[in-house]
Amino acid sequence: QKDEIYARLKKMNGDKDLPIYPTARGRLVEINGKPAKVTDYESESARRLMDREFNLSTMRTAPIDNSIVEGKWFAPDSAQAGGEISLEKSLANTLRLKLGDTIKFDIAGQMVEGKVTSIRKLDWNSMKVNFYAILSPRAMQDAPFTWVTAFHLPEGDKRFTHQLTSDFPNLTIIDTSAMIKQARDIIDQITTAVEFLFSFTLAAGVMVLYAALLGSQEERARESGLLRALGATRRQLSRAQAIEFILVGGVAGVLAASGAAAIGFALAKFIFEFEWVFNPQIWLIGMVSGAACALLGGWLGLRNVLNQPPLATLREAA
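Put into structure tokens, the structure is as follows:
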């Protein structure tokens, strides 16, 4: 059955080879001869990993998209008593597993044991089949397993999958495009809400700046009139005000971007538990946006200040 399904998938894929892997679900039950317990870990991510089953596989050569960052791949003539195991990097770090550790999985009641001989780095966003743990053929030779692969189905060609499931009732096909679409819809809704909140906050900031400048409008008008009486031109005063607001807004924007980056880092690391990506553009965007908003608020609040005649200012001072 596997060969017939593979032949159909290969034909649909333009006669290109598709990697197909044996897979089994197993729970980590023992580390270095000691029972592995959820209570052994304080990290919430580690507890979740210990409380679930892992997708396991076995193969002689490392997957093309996986890179070995520690140790070596399985030796062809390995003499390990229980075989060898290659672990995904984040899993090894979270569960504090290292090269040389002996771990045991429970696969449908059958115990499978091996020694960690390599740590792999892989891309979970590749939409290809990935595994937390890959066991050497010797370690998993008697374990029950099924087969899994990933393929791209052209949009609108649903008849192919319907025919497959009709011909092979025990075949399970997971449409990841539907899940991705649902995730995108949720993200779009969240993004819309955040953008609305951002726009409201930005408008509120401009109004607060406008109100603050109204309070100092009279004092700034006297100052402007006095400077004009001393020889300053209207253009010079207008430029000085613009520079003031650009600097104030730019600094505020940089501080806001720094705060946003810090919050984003905290959310990525401690809440969602994925790798935070540094993006220097947010500082540039924050600085430019802050300067533009401050310039707008300053213009609204002080647009009439430069209209103060120097003579009127001198009379008031007298």
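Start counting the sequence shown at 54; every next residue gets the next number (the working numbering).
Beta carbons are placed, not taken as given, at the ideal position from N, Cα and C, and that holds for glycine.
Every unbroken alpha helix (DSSP H) inside the stretch 238-326 [4 residues or more]: 270-282, 287-319
Backbone secondary structure at residue 330 - three-state DSSP: Working through the sequence shown from its first residue, we reach residue 330 at position 277. Three-state DSSP puts residue 330 in coil, outside helix and strand.
From 291, 266, 150, 215, residue whose alpha carbon lies closest to that of residue 278: On the sequence shown, residue 278 is found 225 positions in, with the first residue counted as 1. The shortest Cα separation from residue 278 among 291, 266, 150, 215 belongs to 291.
Those residues which DSSP pairs with residue 61 across a bridge: Along the sequence shown, one-based indexing puts residue 61 at 8. According to DSSP, residue 61 bridges with nothing at all.
Beta-carbon separation (whole angstroms), residue 111 vs residue 175, contact threshold 8 Å: Numbered from 1 along the sequence shown, position 58 holds the residue referred to as residue 111. Numbered from 1 along the sequence shown, position 122 holds the residue referred to as residue 175. That belief does not hold up - the Cβ atoms of residue 111 and residue 175 are roughly 16 Å apart, past 8 Å.
CA nearest to the CA of residue 184, picked from 117, 54, 295: Sequence index remark: in the sequence shown, residue 184 carries index 131 (1-based). Looking at the Cα atoms, 117 is the closest of the given residues.
Cβ-Cβ distance between residue 200 and residue 171 below 8 Å: Taking the sequence shown and counting its residues from 1, one reaches residue 200 at position 147. Taking the sequence shown and counting its residues from 1, one reaches residue 171 at position 118. No; because the gap between Cβ atoms is not below 8 Å, this pair is not in contact.
Beta-carbon gap between residue 169 and residue 196 smaller than 8 Å: What you label residue 169 is simply residue 116 of the sequence shown in a count that begins at 1. What you label residue 196 is simply residue 143 of the sequence shown in a count that begins at 1. No, the Cβ-Cβ distance between residue 169 and residue 196 is not below 8 Å.
Contact belief for residue 202 with residue 62 at Cβ below 8 Å, rounded distance in angstroms: The residue you call residue 202 lines up with position 149 of the sequence shown. The residue you call residue 62 lines up with position 9 of the sequence shown. That pair is a contact at about 7 Å.
Whole-angstrom C-beta distance between residue 102 and residue 148, which should lie under 8 Å: Residue 148 sits at position 95 when you count from the first residue of the sequence shown. Residue 102 sits at position 49 when you count from the first residue of the sequence shown. Yes, residue 148 and residue 102 are in contact; Cβ-Cβ is about 6 Å, under 8 Å.
Cα-Cα separation between residue 92 and residue 80, rounded to whole angstroms: Indexing the sequence shown from 1 puts residue 92 at position 39. Indexing the sequence shown from 1 puts residue 80 at position 27. In a straight line, the C-alpha of residue 92 is about 15 Å away from that of residue 80.
Close-in-space but distant-in-sequence residues of the same chain around residue 346 (CB under 7 Å, 5 per side omitted): Sequence index remark: in the sequence shown, residue 346 carries index 293 (1-based). Hits under 7 Å: 255, 258, 259, 302.
Residue 177 in three-state terms, based on DSSP: The sequence position of residue 177 within the sequence shown is 124, counting from 1. Three-state result, residue 177: helix.
Contact the stretch 265-284 vs the stretch 304-323: 3+ CB pairs below 8 Å: no
Between the CA atoms of residue 267 and residue 239 - distance to the nearest angstrom: If you number the sequence shown from 1, residue 239 lands on position 186. If you number the sequence shown from 1, residue 267 lands on position 214. Near 42 Å, if we compare the C-alpha coordinates of residue 267 and residue 239.
From 113, 82, 152, residue whose alpha carbon lies closest to that of residue 160: Here residue 160 corresponds to residue number 107 of the sequence shown, with the count starting at 1. Of 113, 82, 152, the residue nearest in Cα terms is 82.
Test item: CB-CB of residue 349 and residue 295 under 8 Å: Stepping through the sequence shown from its first residue, residue 349 is reached at position 296. Stepping through the sequence shown from its first residue, residue 295 is reached at position 242. No; because the gap between Cβ atoms is not below 8 Å, this pair is not in contact.
Boundaries (first-last residue) of the beta strand (DSSP E) holding residue 208: The count along the sequence shown starts at 1 and reaches residue 208 at position 155. No beta strand (DSSP E) contains residue 208, which DSSP labels as neither H nor E.
Where the beta strand (DSSP E) through residue 157 begins and ends: Mapped onto the sequence shown, residue 157 falls at position 104. From DSSP, the beta strand (DSSP E) with residue 157 extends over 155-160.
8 Å Cβ cutoff met for residue 306 and residue 344: For the purposes of this step, residue 306 is identified with residue 253 of the sequence shown, where counting begins at 1. For the purposes of this step, residue 344 is identified with residue 291 of the sequence shown, where counting begins at 1. Cβ distance < 8 Å, so residue 306 and residue 344 count as in contact.
N-terminal and C-terminal residue of the beta strand (DSSP E) that residue 145 is part of: As a position in the sequence shown, residue 145 is number 92, starting the count at 1. Counting along the chain, residue 145 falls outside any beta strand (DSSP E), though it belongs to the alpha helix (DSSP H) covering 142-147.
Residue 57 classed as buried or exposed, judged by whether at least 16 other C-beta atoms fall within 10 angstroms: Here the question's residue 57 lines up with position 4 in the sequence shown. Exposed, by the Cβ-count rule.
C-beta contact flag for residue 51 and residue 354 at 8 Å: This structure gives no information on residue 51, because the portion of the chain shown stretches from 54 to 371.
Close-in-space but distant-in-sequence residues of the same chain around residue 132 (CB under 6 Å, 5 per side omitted): The count along the sequence shown starts at 1 and reaches residue 132 at position 79. Since pLDDT at residue 132 reaches only 48, below the 50 mark, its modelled position is unreliable, and the value read off the structure follows with that caveat. Contacts found: none.
Per-residue DSSP class, three states only, for residue 106: Here residue 106 refers to the residue found at position 53 of the sequence shown. It is coil, neither helix nor strand.
CA nearest to the CA of residue 226, picked from 235, 212, 237: Numbered from its first residue, the sequence shown carries residue 226 at position 173. The candidate whose alpha carbon is nearest that of residue 226 is 212.
Three-state secondary structure (DSSP) of residue 359: Taking the sequence shown and counting its residues from 1, the one referred to as residue 359 is at position 306. Note: residue 359 maps to helix in three-state DSSP.
Beta-carbon gap between residue 141 and residue 173 smaller than 8 Å: Position 88 of the sequence shown, counted from the first residue, corresponds to residue 141. Position 120 of the sequence shown, counted from the first residue, corresponds to residue 173. Yes. Within cutoff.
Exposed unless 16 or more other CB atoms sit within 10 angstroms - verdict on residue 351: Residue mapping note: residue 351 aligns to position 298 of the sequence shown, counting from 1. It is buried - the Cβ of residue 351 has at least 16 other Cβ atoms within 10 Å.
Cβ shell of residue 313 (< 8 Å), same chain only, five flanking positions each side left out: Reading the sequence shown from its first residue, position 260 is the one you call residue 313. 335, 339, listed in sequence order.
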